[in-house]
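S.K.:
There are 2 protein chains.
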Amino acid sequence: MPTNRGFSSIEKWLVRKVQSSVGNPPCEFVLGGTGVASASGSARRFQLLVPDRQTLVKLALDPEVAFGDGYADGCIELRGDLVEFLETVLGSILKAGEGTWFSRLRSRWMEWWNQNTLLGSRENIHRHYDLSNDFYQLWLDSRMLYTCAYFPNESTSLEEAQLAKMDHVCRKVQLQRGERVVDAGCGWGALALHMARHYGVTVRAFNISHEQIAFARERARREGLERQVEFVEDDYRNISGKWDAFVSVGMIEHVGKANYKELGRVIHRAIGDTGRGLVHFIGRNFPHTFSPWIRKRIFPGAHAPALSETGDLFEPWNLSVLDVENIRMHYARTLEHWLSRFEVNAGRISQMFDANFVRAWRLYLAGSLASFRVGALQLFQIVFAGAQCQQIPWTRAHLYEEPLPVQRERKWMTAAR
Amino acid sequence: MPTNRGFSSIEKWLVRKVQSSVGNPPCEFVLGGTGVASASGSARRFQLLVPDRQTLVKLALDPEVAFGDGYADGCIELRGDLVEFLETVLGSILKAGEGTWFSRLRSRWMEWWNQNTLLGSRENIHRHYDLSNDFYQLWLDSRMLYTCAYFPNESTSLEEAQLAKMDHVCRKVQLQRGERVVDAGCGWGALALHMARHYGVTVRAFNISHEQIAFARERARREGLERQVEFVEDDYRNISGKWDAFVSVGMIEHVGKANYKELGRVIHRAIGDTGRGLVHFIGRNFPHTFSPWIRKRIFPGAHAPALSETGDLFEPWNLSVLDVENIRMHYARTLEHWLSRFEVNAGRISQMFDANFVRAWRLYLAGSLASFRVGALQLFQIVFAGAQCQQIPWTRAHLYEEPLPVQRERKWMTAAR
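In order, the protein sequence lines correspond to chains P and X.
Read in my numbering, the first sequence has 410 at position 410, and its numbers run on one by one without any break.
Just remember that my numbering sits 1000 ahead of the position in the second sequence, which is counted from 1.
The structure is reproduced here in structure tokens:
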């Protein structure tokens, strides 16, 4: 138990500063491993061990980034459950509002620095997705889906839930045998291959991660699907040709809101007024910048939009939004699986990278889990169609029927005359 | 068959002006009942009989309002099917864009004139909903629902579909026996009474239409539900107290986008961070003013928002959008029923009002039907919840299950720890 050596008045002021900027969560500060300052009168479930005054100053200037960097470095330690701590702090940050002037300034700077231009996107994506396929294989499901799964029941396993997610997506876009589908931001190719194999469509799948595309191509070859699925190492902005459906799962987070109108133009060019599509992305209840530490360390250039911000994707092109589903708790569940697999393999991961990397990724996964639990992040699936699309089902009941839609007849919504 | 007396060059210019302002639909003009001008080279499925040059000038200045007024007066006649004509014209107007300078000016003027202040709303609502309960009974379903129905199958009758709509709404907001619900813009009270009778909730239902409230109160008495359902003749802005759920079906169209933030404040005040709600409203694929003729003649102060515009309802209050469903073709089907019942009773209606009224309402119903068919209008149901709401189901499968949810157990989405 650390002893209270008595904080100096400047240290006390700094602690109060840090705490108030994140909405005064019930957390105790321990300085230099020996001193305890209780800046909050409420119950203290967590202790933050801060090594020195300099770290305290950094925390006061930009609490989120300083905590993230300090935690990853190992210089800041937490006593208490990490996920619970992050839930508590995220809940109180949401109420506290704007952040410090320094954090706002840094956030703006990062927005400018990590712009999602053609070149910028390539760099941003490279930094995350080209880390190592072996690393991701240690904690993702066997099919390598790195997006929110869909758990039809609370007892569904992660493997089943990722399969269910792909079917949920395919049903939502009403895939028909022989159709042509474009997949923007295809990851390691699981969805593209699933659509081809189980729904009889041909797919052109785009991704600017070199490692992911190489992996996906090898997989298509191994599964004998290389004639049905073409993996293209290129930017979504270069998608051309006409397609029956446009699908993008987990890419919009990397597009940046400045490019939503451009992405909308690409979608409309691809499906015209008669096609349909689905976008699946991390969003928010209201417009807010993405976590600056996550952008600095994990996802440069990322943004999670509020629904109103996604209007630019559809509205300038007279695309009809047909269905929006928010499955944020499914992402919390998905992240529980990922985090626990990550912990099981933490030893092997620290042999591939270093301890700083392991702690940074632990914080990223735990922080994401906490964010979905407290509702700081949401997960939206939006189904849309061109204004003249004739393939709109009367109801959504077909999404919840067995057997899978590929095996049965469909009834389209037609204007009854 | 009218003969071509040869249009003067100014008349030809006016006809070209009218046609180009609405995107050159395949329509022939007949002036004074004797002359034919073919301003369009394409197939002519419709003939518009315009009595004189003055009407032509009005059409050139503001085609939509002049056509609506002329059609209602009986001075403009149409040869061809009215709904098909309106579908064709609406399709081409969508492509033509902005409208004439005069129509834009008039539209702005009407926006200012018919503002939805507390007093303005009362006047706007009075002009439509207080017309006569007997009149609406002639063409609505037996339960008097004047909003889009929900047809689980294409063969569902209007009566069944209005019942299904109410259950769809109740399931979406997950009503539980004993809960307290506020209904904003309750019409003749059908939904409030249905919720009370079949879901065991108590309801306070608001409406500023005096006739509708009187009708609803009488109905509650007759059905022995006056202790469970209170009908209040007051504006949504005066809703107070805490409620488990907020429901509003077909009111947002009359709120006006200037008041969405205020409505959001009212919703959040009513359900706090733990309740849930549903809004059901006519919307659009992109922001656009409501038809000026409909606003002039049928619905003063009306606006159908694009989804991005409805952000003001939820985002300032950290309300989570959980589910958006677009059922526009269900409104087309609903309007087919209403229009055909209206026509069956046109004789009786013209005894209650006059021929101008009958033609205006025929045009309004036909125009609405055409708008939903071509996608100029959409119908959105948005389910939302406060940020701390614990009553969010894992999936939407329960919406498509029998028996009705009131009779069975429910499983809530809970953060798994």
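Glycine included, C-beta positions come from ideal geometry on N, C-alpha and C.
From what residue to what residue does the alpha helix (DSSP H) around residue 1268 of chain X run?
M.R.: Numbered from its first residue, the second sequence carries residue 1268 of chain X at position 268. From DSSP, the alpha helix (DSSP H) with residue 1268 of chain X extends over 1260 to 1271.
S.K.: For residue 401 of chain P, count neighbouring C-beta atoms within 10 Å of its own C-beta (all shown protein chains included) and say buried if the count is 16 or more, exposed if not.
M.R.: In the first sequence, residue 401 of chain P corresponds to position 401, counting from 1. Residue 401 of chain P comes out exposed.
S.K.: With DSSP run on the structure shown, which of helix, strand or coil describes residue 13 of chain P?
M.R.: Within the first sequence, residue 13 of chain P is the residue found at index 13, counting from 1. It is helical.
S.K.: Look at the Cβ atom of residue 303 of chain P, then the Cβ atom of residue 375 of chain P, and state whether they are nearer than 8 Å.
M.R.: Here residue 303 of chain P is taken as the residue at index 303 of the first sequence, counted from 1. Here residue 375 of chain P is taken as the residue at index 375 of the first sequence, counted from 1. No.
S.K.: Given that a residue counts as buried once 16 or more other Cβ atoms are within 10 Å of its Cβ, and exposed if not, what is residue 1370 of chain X?
M.R.: The residue labelled residue 1370 of chain X in the question sits at position 370 within the second sequence. Classification of residue 1370 of chain X: buried, given that the 10 Å Cβ count is 16 or more.
S.K.: Less than 7 Å between C-beta atoms, sequence neighbours within five positions excluded: which residues of the same chain meet that for residue 1322 of chain X?
M.R.: Sequence index remark: in the second sequence, residue 1322 of chain X carries index 322 (1-based). Answer for residue 1322 of chain X: 1383, 1384, 1385, 1392, listed in chain order.
S.K.: Check whether the region 303 to 319 of chain P and the region 267 to 280 of chain P touch, using three or more Cβ-Cβ pairs below 8 Å as the test.
M.R.: Short answer: they touch.
S.K.: With three or more beta-carbon pairs closer than 8 Å as the criterion, would you say the region 127 to 140 of chain P touches the region 87 to 107 of chain P?
M.R.: Taking 8 Å as the limit for Cβ pairs, the verdict is that the region 87 to 107 of chain P does not touch the region 127 to 140 of chain P.
S.K.: Determine the extent of the alpha helix (DSSP H) in which residue 1354 of chain X is found, giving its start and end residues.
M.R.: Taking the second sequence and counting its residues from 1, one reaches residue 1354 of chain X at position 354. Taken as a continuous stretch (DSSP letters only), residue 1354 of chain X belongs to no alpha helix (DSSP H), as it is neither H nor E.
S.K.: Below 7 Å on C-beta distance, what does residue 1149 of chain X contact in chain P?
M.R.: Looking up residue 1149 of chain X in the second sequence gives position 149. Correct list: empty, because the minimum Cβ distance to chain P is about 12 Å.
S.K.: Should residue 1242 of chain X be counted as a contact of the ligand HEM given a C-beta to heavy atom distance under 7 Å?
M.R.: Absence of the ligand HEM from the depicted structure is noted, as is the absence of any ligand whatsoever, leaving it without description.
S.K.: Name, please, each residue of chain P whose Cβ falls closer than 9 Å to the Cβ of residue 1323 of chain X.
M.R.: Looking up residue 1323 of chain X in the second sequence gives position 323. Chain P residues near residue 1323 of chain X: 323, 324, 325, 326.
S.K.: Name the two residues that bound the continuous beta strand (DSSP E) containing residue 1203 of chain X.
M.R.: As a first step, residue 1203 of chain X must be located in the second sequence, where it is residue number 203. Note, residue 1203 of chain X: beta strand (DSSP E), 1202 to 1207.
S.K.: Over what stretch of residues does the beta strand (DSSP E) that includes residue 1027 of chain X continue unbroken?
M.R.: In the second sequence, counting from the first residue as 1, residue 1027 of chain X sits at position 27. That run of the beta strand (DSSP E) goes 1027 to 1031.
S.K.: Count the C-beta pairs between the region 229 to 242 of chain P and the region 199 to 216 of chain P that are closer than 8 Å, then say yes if the count reaches three, no if not.
M.R.: Taking 8 Å as the limit for Cβ pairs, the verdict is that the region 199 to 216 of chain P does touch the region 229 to 242 of chain P.
S.K.: Compare the C-beta of residue 396 of chain P with all C-beta atoms of chain X and state if any pair is closer than 8 Å.
M.R.: To locate residue 396 of chain P, count along the first sequence from 1; it is residue 396. It does; some Cβ of chain X falls within 8 Å.
S.K.: Tell me whether the beta-carbon of residue 324 of chain P lies closer than 8 Å to the beta-carbon of residue 1173 of chain X.
M.R.: In the first sequence, residue 324 of chain P corresponds to position 324, counting from 1. In the second sequence, residue 1173 of chain X corresponds to position 173, counting from 1. Result no, Cβ atoms of residue 324 of chain P and residue 1173 of chain X do not sit closer than 8 Å.
S.K.: Taking 8 Å as the CB-CB limit, is residue 1285 of chain X close to chain P?
M.R.: Reading the second sequence from its first residue, position 285 is the one you call residue 1285 of chain X. Taking Cβ atoms only, chain P reaches closer than 8 Å to residue 1285 of chain X, which makes this a yes.
S.K.: Going by other Cβ atoms of all chains shown within 10 Å of its Cβ, with 16 needed for buried, is residue 188 of chain P buried or exposed?
M.R.: Residue numbering aside, residue 188 of chain P sits at position 188 when the first sequence is read from its first letter. It is buried - the Cβ of residue 188 of chain P has at least 16 other Cβ atoms within 10 Å.
S.K.: Between the alpha carbons of residue 15 of chain P and residue 254 of chain P, how many angstroms are there, rounded?
M.R.: Walking along the first sequence from the start, residue 15 of chain P turns up at place 15. Walking along the first sequence from the start, residue 254 of chain P turns up at place 254. Approximately 35 Å, taken between the alpha carbons.
S.K.: Would residue 400 of chain P pass as an interface residue toward chain X - the criterion being a Cβ-Cβ separation below 8 Å?
M.R.: Looking up residue 400 of chain P in the first sequence gives position 400. It does: the Cβ of residue 400 of chain P has a partner Cβ on chain X nearer than 8 Å.
S.K.: Against chain X, which members of the region 328 to 343 of chain P pass a CB distance test of less than 7 Å?
M.R.: Listed by position, the residues of the region 328 to 343 of chain P near chain X (Cβ gap below 7 Å) are 329, 332, 333, 336.
S.K.: Decide if residue 1019 of chain X is buried, meaning its Cβ has at least 16 other Cβ atoms within 10 Å, or exposed.
M.R.: The sequence position of residue 1019 of chain X within the second sequence is 19, counting from 1. It counts as buried.
S.K.: Chain P partners of residue 1488 of chain X, CB-CB under 7 Å?
M.R.: Because chain X here runs from 1001 to 1417, residue 1488 of chain X falls outside it and cannot be looked at.
S.K.: Here's the rule: buried if 16 or more other CB atoms are within 10 angstroms of the residue's CB, otherwise exposed. What is residue 1112 of chain X?
M.R.: Position 112 of the second sequence holds residue 1112 of chain X. Exposed.
S.K.: Check whether chain X comes within 8 Å of residue 308 of chain P, counting only Cβ atoms and requiring the distance to be less than that.
M.R.: The residue given as residue 308 of chain P occupies position 308 in the first sequence. Answer yes: the Cβ-Cβ gap between residue 308 of chain P and chain X drops below 8 Å somewhere.
S.K.: So what does residue 125 of chain P bridge to, in DSSP terms?
M.R.: Your numbering for residue 125 of chain P matches position 125 in the first sequence. None; residue 125 of chain P has no bridge partner.
S.K.: Less than 8 Å between the beta carbons of residue 1299 of chain X and residue 1271 of chain X, yes or no?
M.R.: To locate residue 1299 of chain X, count along the second sequence from 1; it is residue 299. To locate residue 1271 of chain X, count along the second sequence from 1; it is residue 271. Going by C-beta atoms, residue 1299 of chain X is not nearer than 8 Å to residue 1271 of chain X.
S.K.: Say whether chain X places a C-beta atom closer than 8 Å to the C-beta of residue 93 of chain P.
M.R.: As a first step, residue 93 of chain P is located in the first sequence; it is residue number 93 there, counting from the start. No, residue 93 of chain P does not count as interfacial toward chain X.
S.K.: Please classify residue 1069 of chain X: does DSSP put it in a helix, a strand, or coil?
M.R.: Walking along the second sequence from the start, residue 1069 of chain X turns up at place 69. Helix at residue 1069 of chain X.
S.K.: Could you name the residues that DSSP lists as bridge partners for residue 180 of chain P?
M.R.: Counted from its first residue, the first sequence places residue 180 of chain P at position 180. Note: residue 180 of chain P sits in a beta bridge opposite P/202.
S.K.: In terms of residues, what are the limits of the beta strand (DSSP E) holding residue 322 of chain P?
M.R.: Working through the first sequence from its first residue, we reach residue 322 of chain P at position 322. First-last of the beta strand (DSSP E) with residue 322 of chain P: 320 to 326.
S.K.: Where do the N-terminal and C-terminal ends of the beta strand (DSSP E) with residue 47 of chain P fall, by residue?
M.R.: To locate residue 47 of chain P, count along the first sequence from 1; it is residue 47. From DSSP, the beta strand (DSSP E) with residue 47 of chain P extends over 46 to 50.
S.K.: Cβ atoms of residue 1193 of chain X and residue 1229 of chain X: under 8 Å apart, would you say?
M.R.: Here residue 1229 of chain X refers to the residue found at position 229 when the second sequence is read from its first residue. Here residue 1193 of chain X refers to the residue found at position 193 when the second sequence is read from its first residue. In contact: residue 1229 of chain X and residue 1193 of chain X (Cβ atoms closer than 8 Å).
S.K.: Leaving aside the five residues before and after residue 125 of chain P along the sequence, list all residues of the same chain whose C-beta is less than 6 Å from its C-beta, in chain order.
M.R.: As a first step, residue 125 of chain P is located in the first sequence; it is residue number 125 there, counting from the start. Counting only Cβ-Cβ distances below 6 Å, and skipping sequence neighbours, we find 208, 209.
S.K.: Taking the alpha carbon of residue 1250 of chain X as the reference point, which residue from X/1352, X/1136, X/1341, X/1283 has its own alpha carbon closest?
M.R.: Here the question's residue 1250 of chain X lines up with position 250 in the second sequence. Of the listed residues, the one whose Cα sits closest to residue 1250 of chain X is X/1283.
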